[in-house]
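Asks:
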Amino acid sequence: MRLTQSKIEEIVLPILSQEGLILIKYLYSKENVSEFDLSKKTKLDIKIVRKMLYLLYNHNLVGFNRKKDKEKGWYIYYWTLLPENVKFAYFKRRTETLAKLKYRLEVEKKELFFVCPKGCVRINLDQGLDFEFHCSECGDLLDQDDNQKIVAGLERRIQEIEAELEEYKEKKKEKKVAGKERKKVVKQKIKEKKPAPKKSIDKRAVKIKDITKKVKVIKQKKPATKTTKKKKVDVVKDKTKNKSKKKK
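Once you know that position 106 of the sequence shown is 106 in this note's numbering, the rest is easy, because the numbers rise by one and skip nothing.
1. Please classify L129: is it buried, with 16 or more other beta-carbons within 10 angstroms of its beta-carbon, or exposed?
2. Kindly list the residues whose CB is nearer than 6 Å to the CB of V151, restricted to its own chain and excluding five residues on each side of it in sequence; keep chain order.
3. Assign T227 to one of two classes, buried (16 or more other C-beta atoms within 10 Å of its C-beta) or exposed (fewer than that).
4. When the Cα atoms are used, what is the spatial distance from F64 to Y78?
5. Do you know how far the Cα of K100 is from the Cα of F113?
6. For a test of the three-state rule: what should DSSP assign to T42, helix, strand or coil?
7. Can you pull the DSSP bridge partners for T80?
8. Looking at the unbroken alpha helix (DSSP H) that takes in V121, where does it start and where does it end?
9. Do the segment 136-144 and the segment 158-167 meet, that is, are 3 or more Cβ pairs less than 8 Å apart?
10. Since K115 sits in a beta bridge, which residues does DSSP pair it with?
11. Expressed to the nearest angstrom, what Euclidean distance is found between the alpha-carbon atoms of V86 and R2?
12. Hey, A89 and I22 are a contact pair by Cβ (cut 8 Å); roughly how many whole angstroms apart?
13. Can you name the start and end residues of the alpha helix (DSSP H) that K180 belongs to?
14. Give me the residue from K149, H134 and K193 with the minimum Cα distance to D126.
15. Span of the alpha helix (DSSP H) holding L27?
16. Quick one: grab the DSSP three-state call for K109.
17. Taking L98 and I15 to be in contact with their CB atoms under 8 Å, please state how far apart those CB atoms are, rounded to whole angstroms.
18. For R50, I'd like the list of residues in its chain whose CB is within less than 7 Å of its CB, leaving aside the five on either flank, ordered along the chain.
19. Under a three-way DSSP split, which group does K7 fall into?
20. Specify the secondary structure class of K68 as computed by DSSP and reduced to three states.
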């Protein structure tokens with residue numbers, strides 16, 4: 001559904017009244033519009049413009065950014081109309097209107113109505129009995145109202161709103177499905193780009209291997225020290241033998 005200016009005005013009118021519609025005209029299909037620019041274009045006082053913008057902000061229909069003026073030192077606010085939020089508010093209002101129309105249609109079909117020939121009042125059967133079927137304004141006798149046109153008009157409006165809401169729901173579903181598909185594609189691309197996972201190295205196992213190697217080295221070195229000691233003992237024995245021979 002295209003968010004036209006008339007649909008935006010339908011939402012904004014109860015919030016800002018007729019005076020605020022000119023503000024929407026300059027915000028429509030634009031982004032980051034300075035509040036001072038809005039004041040100049042609408043020819044409204046800056047305080048009135050700010051008040052209107054804050055009312056729209058409270059209804060979540062506009063957003064803002066602020067930037068500090070380097071020369072003057074104060075903050076300037078830049079405003080943007082939020083189309084998706086306006087659209088949501090519009091369809092919320094349409095849903096409420098649909099419920100009211102359905103209730104009125106039910107009443108029109110169930111009850112009898114009476115009208116003044118001069119168009120002063122239109123009342124139901126119970127109210128007619130209270131006034132003895134005379135107009136409470138002018139005193140003329142009331143006529144039974146043929147409400148077939150009213151019923152037909154209500155049914156037509158209900159069908160239009162239901163079709164509009166159904167279209168909106170279908171588009172929302174399509175967007176959700178498209179969003180999910182995009183996410184899947186992105187995830188698949190990320191997986192394809194990722195390098196092959198490295199083999200995890202067990203640090204404990206490495207430490208144990210290092211310790212076992214060291215133990216083996218120590219064990220291999222010990223016999224070498226013993227042999228040297230034996231050689232030294234043999235040399236001493238030979239020397240003592242030689243000395244004893246010389247004495248003889």
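Glycine residues also receive a C-beta, built at the ideal position from the N, C-alpha and C atoms.
These figures come from a predicted structure and were not determined experimentally.
Replies: Checking against the coordinates, here is how it stands:
1. Per the 10 Å Cβ criterion, exposed.
2. E108
3. For T227, the predicted model reports a pLDDT of 49, less than 50, meaning its position is unreliable; a value from the coordinates is still stated below. Per the 10 Å Cβ criterion, exposed.
4. Rounded to whole angstroms, F64 to Y78 spans 5 Å at the Cα level.
5. 19 Å
6. helix
7. G63
8. First-last for V121: undefined, no H or E at that position.
9. no
10. A small fix is needed here, since residue 115 is Val in this sequence, not Lys. Per DSSP, R122 and D143.
11. 12 Å
12. Contact doesn't hold; Cβ gap of about 20 Å is too wide.
13. Counting along the chain, the alpha helix (DSSP H) containing K180 begins and ends at Q148 to K193.
14. H134
15. L21 to L27
16. helix
17. In fact, because the Cβ distance is near 21 Å, the residues do not count as touching under 8 Å.
18. Same-chain partners within the cutoff: E35.
19. helix
20. strand
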